[in-house]
Amino acid sequence: MPNMHDFILCQAYFTKSGTRSPLYAGLDAEMFLNNYFQLSAAVRLTFCAFAAHDLSNETLAISYYKRARKALARKPFIKPSLELVQTYTCLFHFAINKGQPVIALQFLRSGLQSIRELKLDVDPDDSPWLYSLNLSERRKEERRRTFWQIFWHWSWQRALSDEDIIDFPITSVNVKPPSQVFDPLPIFPVNAVKNWECCILNLMGDIKRRYMIPPRRILDLLASEDQISLGMHLVSTQSSIPARFC
61 MPNMHDFILC QAYFTKSGTR SPLYAGLDAE MFLNNYFQLS AAVRLTFCAF AAHDLSNETL
121 AISYYKRARK ALARKPFIKP SLELVQTYTC LFHFAINKGQ PVIALQFLRS GLQSIRELKL
181 DVDPDDSPWL YSLNLSERRK EERRRTFWQI FWHWSWQRAL SDEDIIDFPI TSVNVKPPSQ
241 VFDPLPIFPV NAVKNWECCI LNLMGDIKRR YMIPPRRILD LLASEDQISL GMHLVSTQSS
301 IPARFC
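Terminal number for the sequence shown in this note's numbering: 306, no gaps in between.
Structure, rendered in structure tokens:
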């Protein structure tokens, strides 16, 4: 059951111990706190784990993490939801940082599947099936932020891995980059480069996959179709990034 101790822990995490308004890159932190006692145990306990880790209390953080996993297994979500994707994303992040890559990748895969089912890879402004919900700009931006958070982790995983451990057909081309919403204070932290980071990480992943097997001759490396294709990809990526970020 949710309790005040856990709520205060999350509140301190999102507000930096009361020094700012609630902020978090991947969700609407203020709404999270406002609805805290109605949220699922899995998402509440997951952020308690993050909050405890932020306080360098690793024993407590691991305890919350284990409870979050149990809550997710004991009472699975009936259908995909924004909250479910946020939970999977954070559990992936926590597990990978604790040296549990196999478990972490299971969370990442489940989160990506939920992304596709919810069609979060299509911007809410271009999603007719959402029009009847009359989503506010704040809610639309949370959907985008939720997408970009997990897409960044997937891109990062591709850049690090030699193989397609998570070979998933997903793209960011149909989702607008993160932006700011005021209501009246800023709702999300500034995140102006997230989409460009994903572009660079995916380019790195493509390069690794093309050259996992080295060419037999230097000439093949310098004048192959792969080299030309990757060169064009690099130029396209560089030219798409605004000069102020270069």
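Where is the CB? At the ideal position from N, CA and C, for every residue including glycine. The structure presented is a predicted model; accordingly, all values stated were derived computationally and were not measured.
Rounded to the nearest angstrom, how far is the Cβ of residue i from that of residue j, given a contact under 8 Å?
i    : j    : result
A85  : F248 : 7 Å
N262 : R218 : 6 Å
Y124 : L105 : 5 Å
R276 : L290 : R276 to L290, Cβ: 18 Å. No contact.
A112 : A101 : Actually they do not touch by this definition, with Cβ atoms about 16 Å apart.
V103 : T147 : 5 Å
Along the chain, where does the alpha helix (DSSP H) that runs through residue i open and close?
i    : result
P165 : What sits at residue 165 in the sequence shown is Leu, not Pro. Unbroken alpha helix (DSSP H) run through L165: 161–178.
S289 : 285–300
R134 : 118–134
A85  : Counting along the chain, A85 falls outside any alpha helix (DSSP H), and DSSP gives it neither H nor E.
Y73  : 64–75
K200 : 197–220
Y14  : Outside the displayed span of the chain (61 to 306) sits residue 14, for which this structure offers no information.
Y148 : 142–157
Using a beta-carbon distance below 8 Å, is residue i in contact with chain C?
i    : result
L120 : Protein chains in the displayed structure number just one, and chain C is not present.
Output the distance between the C-alpha atoms of residue i and residue j, rounded to the nearest integer angstrom.
i    : j    : result
I230 : A131 : 28 Å
H153 : S299 : 31 Å
A241 : V250 : Ala is not the amino acid found at residue 241; the sequence shown has Val there. If I take the Cα positions, the gap works out to 10 Å.
T149 : I210 : 6 Å
S284 : H213 : 31 Å
C108 : Q166 : 21 Å
W256 : S232 : 11 Å
S215 : P302 : 20 Å
I273 : M61  : 53 Å
Q71  : L99  : 14 Å
- Does the count of Cβ pairs from the stretch 139–150 and the stretch 116–125 closer than 8 Å reach three? Fewer than three Cβ pairs drawn from the stretch 139–150 and the stretch 116–125 lie within less than 8 Å of each other, which leaves the two stretches out of contact.
- Message: If contact is defined by three or more beta carbon pairs under 8 Å, each pair taking one atom from either stretch, is the stretch 193–202 in contact with the stretch 169–178?
- Response: Because the criterion of three Cβ pairs below 8 Å is not met, the stretch 169–178 and the stretch 193–202 do not touch.
- Message: In chain order, what are the residue ranges of uninterrupted beta strand (DSSP E) at least 3 long that sit wholly in the stretch 241–280?
- Response: DSSP runs (the beta strand (DSSP E)) wholly in the stretch 241–280: none.
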